[in-house]
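Chains as they are written, first to last, in my numbering: chain A, 5 to 167; chain B, 5 to 167.
Since the structure comes first, as structure tokens, the remarks are kept for the end.
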């Protein structure tokens, strides 16, 4: 798994600050970043929009989109990443949404997760399908959004070579 | 330590929903509550206002108070608890602010923590002094705000007897 410290270092190298919008991870992503000494120079804050209506009111996700697709959707994930950039005034927004289980949500099976990252240079979203229980689904969502953030901040040789 | 499940159960027994405003805990409190199956019926969301200016913009903490006292202050903790009730439209607000260390902040030593809880019935704040490293300070802040929330939701016999 990408280390939270590597994400902070990659963002700092670009002169970028971070914000986090969390649904199923519920604060885990932000807490993992805050654990790193010096995080306060890069991480501005986070919004845990656990209730669906907060995705609209706090993160400015289009209410029509939420009504049409539900909260577990790639465009909702992207809108959450955009929204937290505005809400916490950060350069980069990380977002997680998905079904932790054990019950389905909005017609989606447990284990379906979307992670998204928005930077000044682009917007990225990735689908992750997890076969596991609630803690496993959340852990994979955390790892997935850190991986994507590191790539989007240019922190991996693979990413740099491809762009 | 008070179990997150007990806080959720005590709030649910009152018909109250929860919101969390976090500074030094950075999402840990929210994540601990989300870990409990069924949390979505009680927990609405959280705001991690790690950067001080976000305490004003996202939680409506008075900017003059923040300028005069800094972020590590009992009245700031209470204002964060009030503010998150409004931000996430919850009945109860939990808040943490403090100095995780290793460096002092705003003239306060590492280990100074304030936790606050606002409910429809009252506002409560508690000072905690922790002798320990960053993880220890955060862990005590988490435990302290859960303890105070359980008491404020009437979840302990001691609290019920005293009120």
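Note that beta-carbon positions come from the ideal geometry of N, C-alpha and C, so glycine has one too.
The model shown is predicted, which means the values in this text are computed figures rather than measured ones.
Query	Result
Boundaries of the alpha helix (DSSP H) in which residue 38 of chain A is found, first to last residue	32–38
Min CB distance residue 148 of chain A to chain B below 9 Å	no
Any chain A beta carbon closer than 9 Å to residue 16 of chain B	no
Those residues which DSSP pairs with residue 22 of chain A across a bridge	A:47, A:96
Chain-ordered residues of the region 98–120 of chain A with a beta carbon less than 7 Å from chain B	none
Spatially closest choice to residue 127 of chain A from A:92, A:147, A:82, A:21, by CA coordinates	A:82
Endpoints, the alpha helix (DSSP H) within which residue 151 of chain B is located	138–156
Cβ neighbours of residue 167 of chain B in the same chain (closer than 6 Å, five flanking residues each side left out)	Any reading at residue 167 of chain B must be qualified, since the residue scores a pLDDT of 47, below 50, and its modelled position is unreliable; the value itself is stated next. So the list is empty, once near-sequence residues are dropped.
Residue environment, residue 114 of chain A, which counts as buried when at least 16 other CB atoms sit within 10 Å	buried
Chain-ordered neighbours of residue 91 of chain A on chain B, where CB pairs are closer than 8 Å	62
Backbone secondary structure at residue 77 of chain A - three-state DSSP	coil
Sequence-distant residues of the same chain with beta carbon closer than 7 Å to residue 43 of chain B, five excluded per side	12, 37
DSSP-derived helix/strand/coil call for residue 8 of chain A	helix
Residue 22 of chain B versus residue 105 of chain A - alpha carbon distance	21 Å
Proximal residues, the region 31–45 of chain A versus chain B, C-beta separation under 9 Å	31, 32, 33, 34, 35, 36, 37, 38, 39, 41, 43, 44
Three-state secondary structure assigned by DSSP to residue 133 of chain A	strand
N- and C-terminal bounds of the beta strand (DSSP E) containing residue 63 of chain B	Neither: residue 63 of chain B is in no beta strand (DSSP E) and is coded neither H nor E.
Short Cβ contact (9 Å threshold) for residue 132 of chain A with residue 144 of chain A	yes
Near-chain B residues of the region 121–146 of chain A (beta-carbon distance less than 9 Å), N- to C-terminal order	138, 139, 142
Reference residue 111 of chain A, options A:76, A:85, A:97, A:122, closest by Cα	A:76
Own chain, CB closer than 7 Å to residue 65 of chain B, minus 5 neighbours either side, in chain order	59, 80, 83, 84, 87
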